[in-house]
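*Asks:* Have a look at this one.
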Amino acid sequence: EAGVAQSPRYKIIEKRQSVAFWCNPISGHATLYWYQQILGQGPKLLIQFQNNGVVDDSQLPKDRFSAERLKGVDSTLKIQPAKLEDSAVYLCASSLLGTGANVLTFGAGSRLTVL
Amino acid sequence: AQSVTQPDIHITVSEGASLELRCNYSYGATPYLFWYVQSPGQGLQLLLKYFSGDTLVQGIKGFEAEFKRSQSSFNLRKPSVHWSDAAEYFCAVVMDSNYQLIWGAGTKLIIKP
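These protein sequences, in sequence, are chains A and B.
Per this note's numbering, residue 1 is the first one in the first sequence, and the count goes up by one each step.
Per this note's numbering, residue 1 is the first one in the second sequence, and the count goes up by one each step.
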């Protein structure tokens with residue numbers, strides 16, 4: 001089966017600019033996750049979707065980050081305006097269900113550098 | 001507070017030697033436990049998981065892990081490492097009803113030739 005697709009793989013922007021990342025999960029996976037991984041740290045959940053509804057966005061900096069999954073399939077994560085501390089890898093993952101006994105499949109990630 | 005600890009930031013092992021990466025968690029009940037590996041420039045790949053049953057679980061690439069309830073640990077092992085095992089390893093745990101994964105900070109494995 002095809003994996004989780006993410007684009008772009010790399011993006012360099014200046015602070016205060018905007019950026020968008022795209023994710024296409026594994027076909028049939030109802031749950032989609034966006035994680036932020038800062039160098040040297042474990043992934044931090046930004047937002048979790050179940051189909052096209054938001055399950056958890058408690059750690060999403062809503063003043064600058066937004067995400068949508070309008071048709072319950074692919075998803076876009078946007079940052080506007082970007083700050084230096086947003087430099088990180090943004091990982092998208094998907095799973096069949098959102099329950100605990102569930103395996104996440106990750107994409108290769110989108111590496112953002114904010115100058 | 002619920003937490004996952006990987007005490008070793010870096011571990012250096014000679015090729016062919018055995019490996020053990022430590023993972024401890026703080027939680028009163030039995031969690032769901034995972035080990036993921038991240039190769040440079042790649043996403044995270046599941047190595048193995050424990051939900052219930054036999055406390056010694058086998059994973060991909062020759063890895064195994066043992067759940068020890070008394071020690072709140074889920075250490076990852078491999079009898080003989082290969083240069084291709086050089087990567088960062090993350091322990092992740094689901095500990096409560098919101099089903100969120102809590103991640104350790106990772107252990108970077110360096111292989112000496």
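Even glycine gets a Cβ: it sits at the ideal position worked out from N, Cα and C.
Since this is a predicted model, take the numbers as computed values, not measurements.
#1: So what does DSSP say about I38(A), is it helix, strand or coil?
#2: Measuring only the C-alpha atoms, how far is P40(B) from D54(B)?
#3: With three or more beta-carbon pairs closer than 8 Å as the criterion, would you say the region 7 to 22 of chain B touches the region 27 to 37 of chain A?
#4: When you check each C-beta in the region 61 to 84 of chain A against every C-beta of chain B, which residues fall closer than 7 Å?
#5: Based on the DSSP secondary-structure assignment, which residues constitute the bridge partners of T10(B)?
#6: Which same chain residues, not among the five before or five after K44(A), have their C-beta less than 8 Å away from its C-beta?
#7: Going by C-alpha to C-alpha distance, which of Q6(B), A87(B), Y50(B) sits closest to R69(B)?
#8: Apart from the five residues just before and just after L46(B), which ones in its own chain have a Cβ nearer than 7 Å to its Cβ?
#9: How close, in whole Å, do the beta carbons of T76(A) and A20(A) come, if the pair is a contact with beta carbons under 8 Å?
#10: Taking the beta carbon of P53(A) as the centre, do at least 16 other beta carbons fall within 10 Å, making it buried, or is it exposed?
#11: Between Q100(B) and chain A, is there a C-beta pair that is closer than 8 Å?
#12: Quick one: which residues of the region 25 to 49 of chain A get their C-beta closer than 7 Å to a C-beta of chain B? List them in chain order.
#13: Could you pull out every residue in the same chain whose Cβ sits closer than 8 Å to the Cβ of I110(B), ignoring the five residues on either side in sequence?
*Replies:* In short:
#1: Coil, per DSSP.
#2: One C-alpha to the other measures close to 32 Å.
#3: Because the criterion of three Cβ pairs below 8 Å is not met, the region 7 to 22 of chain B and the region 27 to 37 of chain A do not touch.
#4: Here the close residues number zero.
#5: In the sequence on display, residue 10(B) carries His and not Thr. Residue pairing from DSSP places H10(B) in a beta bridge opposite K108(B).
#6: Residues of the same chain with a CB within less than 8 Å of the CB of K44(A), apart from the 5 flanking positions on each side, are Y35, Q36, Q37, I38, Q59 in chain order.
#7: The shortest CA-to-CA distance from R69(B) to any of Q6(B), A87(B), Y50(B) is the one to Y50(B).
#8: Answer for L46(B): F34, Y36, listed in chain order.
#9: Indeed, because the Cβ distance is near 6 Å, the residues count as touching under 8 Å.
#10: The residue asked about is misnamed: residue 53(A) is Gly in this sequence, not Pro. Burial call: exposed.
#11: By this cut-off, Q100(B) is an interface position.
#12: Correct list: Q41, G42, P43, L45.
#13: Excluding sequence neighbours, I110(B) sits near H10, I11, T12, V13, A86.
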